[in-house]
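Enquirer: Here the protein sequences come in this chain order: A and B. The first sequence: position 99 = 99 (full-length UniProt numbering), numbered continuously. The second sequence: position 11 = 11 (full-length UniProt numbering), numbered continuously. Mind looking over this structure? Questions follow.
2 protein chains.
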Amino acid sequence: MNEDFIHKWISQVKKGTLSFIVLNVLKSGKAYYGYDLINEIKKITEIEIAEGTLYPLMNRLKDEKLILSEWVEQESGIPRKYYSITPEGKNTVTKMEEYWHNLNHSISKITK
Amino acid sequence: MNEDFIHKWISQVKKGTLSFIVLNVLKSGKAYYGYDLINEIKKITEIEIAEGTLYPLMNRLKDEKLILSEWVEQESGIPRKYYSITPEGKNTVTKMEEYWHNLNHSISKITK
DNA sequence: GCATATACATTGTTATACTATGTATTTTGT
DNA sequence: ACAAAATACATAGTATAACAATGTATATGC
Chain A
1 MNEDFIHKWI SQVKKGTLSF IVLNVLKSGK AYYGYDLINE IKKITEIEIA
51 EGTLYPLMNR LKDEKLILSE WVEQESGIPR KYYSITPEGK NTVTKMEEYW
101 HNLNHSISKI TK
Chain B
1 MNEDFIHKWI SQVKKGTLSF IVLNVLKSGK AYYGYDLINE IKKITEIEIA
51 EGTLYPLMNR LKDEKLILSE WVEQESGIPR KYYSITPEGK NTVTKMEEYW
101 HNLNHSISKI TK
């Protein structure tokens, strides 16, 4: 069948969706490190984010000043880079929510 | 503010969304021509699809055998290329709907 | 001691939306 | 009657982002 088309389509849907999801997870103000975010998002949403997707994404969000990052040394193990949302990030995620909500409303009109 | 980021984000969200929307409009079996599709989608969903986006998109969907196209001469005016969905297209749009529904359920869990 | 999990990161590939541009016909406004 | 806008198709070039592959390094389980 058209498994290949669906697979490519899902990858395209993720463009845009992932930044929205990440910002929503950070929205509460709690800081997460990258590896943790991947697992958290997988647990909550069943969406798998490749590491090669997440780290560049976090850098983009940081460049846009929507999040901050901070290295935190661990008592044992590899240091972790913790990400937290900025006021501008919170503002932005609110606007994204509005758009998403409208989009969904529109789509629900044509899918039923 | 971050209007520019939001603008870019919306463009990314459309990747994947547009093919889903187009297939949904065609789902009923009625044939549409390109220019008409753009207006129909704008009317129903308020989403504006650039012509430079739609025509390549329709060609991709045709290559994937999800739609068919047929030139129809008009009594007056420019000939129109009418697009209609194939059985494979219907099948595919059903799968897309499933994924979209699940994605939305997941996102609603983290946005609230 | 070797595989797996943890934790970060970069490079190259692929797919797709959008702007700009082009062609040609028909309708609308004045 | 003439210009502008709408109708209708199409392509080329640019930017963006997901993903696979690859790399580094530490810690843990068996």
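Glycine residues also receive a C-beta, built at the ideal position from the N, C-alpha and C atoms. Everything numeric in this text was worked out from a predicted model, so none of it was measured.
For B:Ile85, write down the residues that DSSP places opposite it in a beta bridge.
Expert: B:Ile67
Enquirer: Which residues, in chain order, does the stretch 91–102 of chain A contribute to contact with chain B at a C-beta distance below 8 Å?
Expert: Asn91, Thr92, Lys95, Met96, Glu97, Tyr99, Trp100 and Asn102
Enquirer: How is the alpha helix (DSSP H) around B:Ile47 delimited, first residue to last?
Expert: Premise fails: B:Ile47 is in no alpha helix (DSSP H) and is neither H nor E.
Enquirer: Between which residues of its own chain and A:Glu48 is the CB-CB distance below 6 Å, once the five residues before and five after are set aside?
Expert: Lys42
Enquirer: With a CB to CB cut of under 7 Å and the five nearest residues on each side skipped, what residues in its chain are close to A:Glu88?
Expert: Excluding positions up to five away in sequence, the list reads Lys65 and Leu66.
Enquirer: Can you check whether the C-beta of B:Ser59 is within less than 8 Å of a C-beta belonging to chain A?
Expert: It is worth fixing the name first, because residue 59 of chain B is Asn in this sequence and not Ser. No, because no Cβ of chain A sits closer than 8 Å to the Cβ of B:Asn59.
Enquirer: Since A:Gln12 and B:Lys15 are thought to touch, with beta carbons under 8 Å apart, how far apart are those beta carbons, to the nearest angstrom?
Expert: 5 Å
Enquirer: Using only the alpha-carbon positions, how far apart do A:Gln74 and B:Ser106 sit?
Expert: 32 Å
Enquirer: Just checking: is the beta-carbon of B:Thr45 within a distance shorter than 8 Å of some beta-carbon in chain A?
Expert: yes
Enquirer: Where does A:Gly77 land, buried or exposed, given buried means 16+ other C-beta within 10 angstroms?
Expert: exposed
Enquirer: Have a look at A:Leu37 and A:Ala31 and give me their C-alpha separation to the nearest angstrom.
Expert: 9 Å
Enquirer: Can you name the start and end residues of the alpha helix (DSSP H) that A:Asn24 belongs to?
Expert: That run of the alpha helix (DSSP H) goes Glu3 to Leu26.
Enquirer: Using the Cα positions of B:Trp71 and B:Ser84, report the straight-line distance between them to the nearest angstrom.
Expert: 12 Å
Enquirer: Is the Cβ of B:Thr111 closer than 8 Å to any Cβ of chain A?
Expert: yes
Enquirer: Rounded to the nearest angstrom, how far is the Cβ of A:Gly34 from that of A:Leu18, given a contact under 8 Å?
Expert: Their Cβ separation, rounded to whole angstroms, is 13 Å, which puts A:Gly34 and A:Leu18 out of contact at 8 Å.
Enquirer: Name the DSSP beta bridge partners of B:Val72, please?
Expert: B:Arg80
Enquirer: For B:Asn24, count neighbouring C-beta atoms within 10 Å of its own C-beta (all shown protein chains included) and say buried if the count is 16 or more, exposed if not.
Expert: buried
Enquirer: At a Cβ threshold of 8 Å, is B:Thr86 touching chain A?
Expert: no
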